[in-house]
Structures are given as structure tokens and as C-alpha cells.
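There are 2 protein chains.
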Amino acid sequence: MGRQPRYLWMADLLRRPILNGELAPGSRLPSRSRLARTYNVSEQVSRHALRLLVSEGLVEARPGSGYYVRAVSQPHCFSRTDRSSGSGVGPLDRADLGTRIEKASDPITQRLAVRDGETVFRTRCLGSADDVPVALYTSWEPAALTRGTLRTPADAEPWTGLLDRLSAAGVIVDRVVEEVGVRPLQEPEADPLRLAPGLPVLVVERTHYYGHRPVETSDLVGSVDHCRLLYRLSLSRAPRRP
Amino acid sequence: MGRQPRYLWMADLLRRPILNGELAPGSRLPSRSRLARTYNVSEQVSRHALRLLVSEGLVEARPGSGYYVRAVSQPHCFSRTDRSSGSGVGPLDRADLGTRIEKASDPITQRLAVRDGETVFRTRCLGSADDVPVALYTSWEPAALTRGTLRTPADAEPWTGLLDRLSAAGVIVDRVVEEVGVRPLQEPEADPLRLAPGLPVLVVERTHYYGHRPVETSDLVGSVDHCRLLYRLSLSRAPRRP
DNA sequence: AAGTGGTCTAGACCACTAT
DNA sequence: TAGTGGTCTAGACCACTTA
Numbered sequence: 082m083g084r085q086p087r088y089l090w091m092a093d094l095l096r097r098p099i100l101n102g103e104l105a106p107g108s109r110l111p112s113r114s115r116l117a118r119t120y121n122v123s124e125q126v127s128r129h130a131l132r133l134l135v136s137e138g139l140v141e142a143r144p145g146s147g148y149y150v151r152a153v154s155q156p157h158c159f160s161r162t163d164r165s166s167g168s169g170v171g172p173l174d175r176a177d178l179g180t181r182i183e184k185a186s187d188p189i190t191q192r193l194a195v196r197d198g199e200t201v202f203r204t205r206c207l208g209s210a211d212d213v214p215v216a217l218y219t220s221w222e223p224a225a226l227t228r229g230t231l232r233t234p235a236d237a238e239p240w241t242g243l244l245d246r247l248s249a250a251g252v253i254v255d256r257v258v259e260e261v262g263v264r265p266l267q268e269p270e271a272d273p274l275r276l277a278p279g280l281p282v283l284v285v286e287r288t289h290y291y292g293h294r295p296v297e298t299s300d301l302v303g304s305v306d307h308c309r310l311l312y313r314l315s316l317s318r319a320p321r322r323p
Numbered sequence: 082m083g084r085q086p087r088y089l090w091m092a093d094l095l096r097r098p099i100l101n102g103e104l105a106p107g108s109r110l111p112s113r114s115r116l117a118r119t120y121n122v123s124e125q126v127s128r129h130a131l132r133l134l135v136s137e138g139l140v141e142a143r144p145g146s147g148y149y150v151r152a153v154s155q156p157h158c159f160s161r162t163d164r165s166s167g168s169g170v171g172p173l174d175r176a177d178l179g180t181r182i183e184k185a186s187d188p189i190t191q192r193l194a195v196r197d198g199e200t201v202f203r204t205r206c207l208g209s210a211d212d213v214p215v216a217l218y219t220s221w222e223p224a225a226l227t228r229g230t231l232r233t234p235a236d237a238e239p240w241t242g243l244l245d246r247l248s249a250a251g252v253i254v255d256r257v258v259e260e261v262g263v264r265p266l267q268e269p270e271a272d273p274l275r276l277a278p279g280l281p282v283l284v285v286e287r288t289h290y291y292g293h294r295p296v297e298t299s300d301l302v303g304s305v306d307h308c309r310l311l312y313r314l315s316l317s318r319a320p321r322r323p
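Chains L and R, in that order, are what the protein sequence lines are.
Each residue of the first sequence is one higher than the one before, starting from 82 at the first, in our numbering.
Each residue of the second sequence is one higher than the one before, starting from 82 at the first, in our numbering.
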């Protein structure tokens, strides 16, 4: 009552038993029409409340069936050390989404330090655990880098380790920079990840270097519920500058 | 048109010029009623499209005024390398929130590998940029570690570099493990960060080691909008195991 | 066949902003 | 005062799942 919109009140009502664990993952919620009848509100109100819970990642909508409490599984750890930069999607079930050649677009030209419109390989794959999509991985690599070596992303067997593949092509990756952030999920990525656009996702922008030259860059877009990043670093504490 | 819902089509229409930079941050979008009239759709369709862009973080709604392209403030980068683990809150304005002694609670005993109820120092500080709170930093350290050294967190001047302080106490930190994740903001943290509880926040759980012994652990809780983590790693690619 | 979620129409009132 | 976004009502059709 009072100041709070009805749909927020209803969302609270539904959220509480979910967070308390009184409603087990997989449970079905009352349908939007049933909620509307029960609480004497318009169907738009119950719809709005339910969609809010979907956007929060608490609830999943199955068209034709109902709204269900989402199962939050144990998060998956992407492990990084200063010895190996880890594979693209880590020890997940990897679904190859194909390699194609394209002209580098603006952010990619900057990250790879190539000329505008330079030809690059774009490779994508989807990492899943127990058939649940966890992370979408997109990698860009200048085509010139491995041309004629039979070590292009298209030639190699589906993902034989980036560092090994480049190493065999004479490119010794010796440095990696990762930038970690969070942003709302964009529409084109939402589909493979089976998440609602707008949900926050973890993003790792990673670039591999051969000396000062960037040789590959990638985006890892991962579900916030399932992804954690683990960095294990040895600190070589040489005498420090003041 | 065909299969795609109209509101998605309209969202695409509006998204393109924003992402291309043709619509500068701060620009006002057509109002929902104007869009509805212009494109001959219901007002619900334009509303749905605009709210989608809001949920994606591209657009901001100012009630009574209009929808505006969001100014994306430059996020603050927390920089990490394999030589130094960076200070707690990085180069932000640091507000000391005090040090106190407490009994280690369950997760902390595990992270510090100490007995249940062991005495630890807890130090907190808040990092801000331009008077906007960016990250809340909480550090735990066994009291036994620096007892009688005048190098306890309470003795040292407000944050004179953890690694230097411990080093002066004979504790040579040589390894750090960071676990990065995202979770909803909890109530007690919401106040200093001036954010609503429930909003997603970036969390870095960091533990410093002296050999195999954990000597300090900390939580960095940062606003998703303002925080990025930058890891610069040298890859010492010794001959790799297969 | 009944029920469900996704989408859509055509209205409405309120509090707020801009002028 | 006119326009705006936020909320809300009362319907509707479709594709889909469930029984």
C-alpha cells in the first residue's frame, strides 16, 4: 500500500520465499493470470513483477509452461596464473561456433594495433557445464599473423590451445593483459547464453602479446552466476622503488 | 518485418546510432509517444523498446523530461601485475574507516587458515573518485602475525602499503591469490557505497601468502559502473607439460 | 482442449519537468 | 500549461506446452 508500486510489492512477495530457500529451484510459480486473480490486480502488474524477477536472474520463463525458480549451480572458476593464461573457456564443454574472416572493426583495430579494415580471424565458442551455457568466448587474431603456416585458427583442430598453436607458427606469446569488468548483456549475446538481455555479465577483455606486439585479443562474456576468475600470482618482489 | 517483435526492431533502430556514436551521450531520444506516432505502433511498443535500452545501460530515463543517452563515466582501473599486487583501493581518495580487533568469523578463518575464534585485525577503507564512492575495502590479518612489532595495522600510519609494512615485520609476501566474482550488494555495505542493496557489485577476494601460509586476506567490493580490474601478466613459458 | 508466456492495442491517471 | 515517464486497466491474438 502507500507509495510503492503494486508490481514491486508483488515482486517482493515472490522474491522472499525464493531467497529464503522455501521455494526450491525448479519450483513453478503461480501463473500471471492466477496471480492477478488472487491479488486482485491487473494482469499487467503480475506480468511486470514476474519479468522483474526474470531480469534479476531469479526466475526463468518457459513459454507455454510457466515461470520457474532458477537453479543456481556452483560457479565455475576460470583459473589464471603467471605461467599460463588458461584456455579460452577453461575446462568446460566447448561448442565451436565457427571461425570466419572479417574486417577489423574499430575497437578491435585498437586492441590489436592494426590498420583500420585489416583482415582478422574471428573465432567463437560457447562454454557450458551440464548443458548450461556459462560463457561466450570470442577471439580475434590478425590473419597476417599465421598466413601460410597451416596454423591459422581455421586450420587447427578446434581449439588446440592458442599459445601452442601460435608458438608452432613462430609467435612466442610472452605477455597477457586482462581487463575485467561488468556490463549489461547485449541482445546478440543473450541468445547463445540463454540469458535475458540487460542482466549483468562478467566481461574479460584479454590481449596476448609477443613482445610489444598484440597478436590476439578476445572477449569472454560470462554469466555472473556461474563465472568466477581465479588469479594466482607469484610476486617477484625485487627491491622496490620508494 | 515478419518474425521479429516490433519492440525489438525499434530497440535495434535506437541502439544503432548510440553504439555508432552518432548520438552523443546526453542527447535526448524521441519520447515514447512521439516514437509511437512516428512509427505507427502502440505506445507500449515504444515504451518496451526504450525500457530495454535502459536495462541495457545505454539509456537513462528522467521522469518528466525524457530519455537520454547515458554518459558512461570513465571507470576506474585497479591495476595488478605479477610484480606488485597493488594497494587496497588503488589511486583513489582514501577514507580510513578504522581498524579494530575481532574474532575471526567462519569464512575468514578458512581464508586465513587460522583456528576458529582467532584474534584478527580488521581494517576498512573507502575509495572515492570525485567524491563518488567507488569501492569498499576490508582487510583481515591475524593479530599474532605482527604482535609486538609496532607494525600492526593499528600502529602504522593509515595504509603505508601492506607489503612494505609486513616486510618490515619480517613477513615476506611472495604470492597472492585473487578470486573475482559478482554478487548482489549486501545491506551493511550499501551505506558507505551509497548504492541500493541488491545491485550487482564486483567482488575481489584477495589473499596474500608467505610461502604456503596466508598472512592477510581482503574483500574489495566495488560499484560495477566504476570498477575495472587490469591484470598485466608476464608469461614465463617454460617447457610446458602436455 | 485448456492453460501458459510473449506480444500488442487503446485507452487512463499521476507526479514531475520544462517553458 | 503542455509534455514526459511511471504506472495501471481491460481487453486481445499467437505459438507453445501440458494433459
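For glycine and all other residues, C-beta sits at the position ideal for the given N, C-alpha and C.
Legend entry - Interface residues of the region 274-286 of chain L facing chain R [CB-CB below 8 Å]: P278, G279, P281, L283
Legend entry - Which of helix, strand or coil DSSP assigns to T227 (chain L): helix
Legend entry - Beta bridge counterpart(s) of Y88 (chain R) as assigned by DSSP: According to DSSP, Y88 (chain R) bridges with nothing at all.
Legend entry - Q191 (chain L), DSSP secondary structure in three states: helix
Legend entry - Straight-line gap, T119 (chain R) to L104 (chain L) (C-alpha atoms, nearest Å): 45 Å
Inset, instruction - Please confirm if G262 (chain L) has its CB atom under 8 Å from at least one CB of chain R. - result: yes
Legend entry - First and last residue of the uninterrupted beta strand (DSSP E) at R113 (chain L): Unbroken run through R113 (chain L) is the alpha helix (DSSP H), 113-120; no beta strand (DSSP E).
Legend entry - Selection from L:W221, L:A185, L:D306 that minimises the alpha carbon distance to Y290 (chain L): L:W221
Inset, instruction - Determine, using beta carbons only, whether E137 (chain R) comes closer than 8 Å to chain L. - result: yes
Legend entry - Alpha carbon of V150 (chain R) to alpha carbon of A225 (chain R), nearest angstrom: 53 Å
Legend entry - Close-in-space but distant-in-sequence residues of the same chain around T227 (chain R) (CB under 7 Å, 5 per side omitted): T233, A250
Inset, instruction - Give a yes or no on whether the minimum CB-CB distance between S315 (chain L) and chain R is below 8 Å. - result: yes
Inset, instruction - Run down chain R in chain order and give the residues with a C-beta less than 8 Å from the C-beta of R309 (chain L). - result: E260, V261, G262
Legend entry - Under 7 Å from the C-beta of P156 (chain R): neighbouring residues of chain L: G262
Inset, instruction - Indicate whether at least one CB of chain L lies closer than 8 Å to the CB of V254 (chain R). - result: yes
Inset, instruction - Give the range of the beta strand (DSSP E) segment to which L363 (chain L) is assigned. - result: Limits of chain L in this structure are 82 at one end and 323 at the other, which puts residue 363 (chain L) out of reach.
Inset, instruction - Using the Cα positions of G107 (chain R) and A152 (chain R), report the straight-line distance between them to the nearest angstrom. - result: 6 Å
Legend entry - DSSP-derived helix/strand/coil call for P156 (chain R): coil
Inset, instruction - Report the neighbours of V122 (chain L) on chain R: residues whose CB is nearer than 8 Å to its CB, in chain order. - result: Under the 8 Å cutoff, chain R gives no residues; its nearest Cβ is about 18 Å from V122 (chain L).
Inset, instruction - Please list the residues of the region 123-134 of chain R that have a C-beta atom closer than 8 Å to any C-beta atom in chain L, keeping them in chain order. - result: L133
Inset, instruction - Could you work out which residue in R:D93, R:V261, R:V252, R:L217 is closest to T230 (chain R) when comparing CA atoms only? - result: R:V252
Inset, instruction - Kindly indicate which residue of R:G102, R:L94, R:V213, R:E297 has the alpha-carbon position closest to the one of T204 (chain R). - result: R:E297
Legend entry - Contact under 8 Å by Cβ, V254 (chain R) with T288 (chain R): no
Legend entry - Backbone secondary structure at H129 (chain L) - three-state DSSP: helix
Legend entry - Complete beta strand (DSSP E) runs within the region 240-319 of chain L (minimum length 3 residues, chain order): 256-265, 281-291, 294-304, 308-315
Inset, instruction - Determine, using beta carbons only, whether L325 (chain L) and R256 (chain R) come nearer to each other than 8 Å. - result: Here chain L has residues from 82 to 323 only, and residue 325 (chain L) is not among them.
Legend entry - Whole-angstrom distance between L131 (chain R) and R294 (chain L), CA atom to CA atom: 41 Å
Inset, instruction - Pick out whichever of L:L95, L:Y148, L:M91, L:G279 has its Cα sitting closest to the Cα of N121 (chain L). - result: L:M91
Inset, instruction - Answer yes or no: do G208 (chain L) and L173 (chain L) have a C-beta to C-beta separation smaller than 8 Å? - result: yes
Legend entry - beta strand (DSSP E) segment containing D236 (chain R), residue limits: That residue, D236 (chain R), is in no beta strand (DSSP E); it is neither H nor E in DSSP.
Legend entry - As assigned by DSSP and simplified to three states, the class of P324 (chain L): Absent from the structure is residue 324 (chain L), since the part of chain L shown begins at 82 and ends at 323.
Inset, instruction - Find the residues of chain R that neighbour P265 (chain L), judging by a C-beta separation of less than 9 Å, and give them in chain order. - result: S136, E137, G138, L139
Legend entry - Outcome for S127 (chain L) when other beta-carbon atoms lying within 10 angstroms are tallied against a minimum of 16: buried
Legend entry - Rounded separation between S123 (chain L) and Y88 (chain L) - CA only: 10 Å
Legend entry - Residue interval of the beta strand (DSSP E) (run including A142 (chain L)): 140-143
Legend entry - C-beta neighbour in chain L for Y312 (chain R), strict 8 Å: yes
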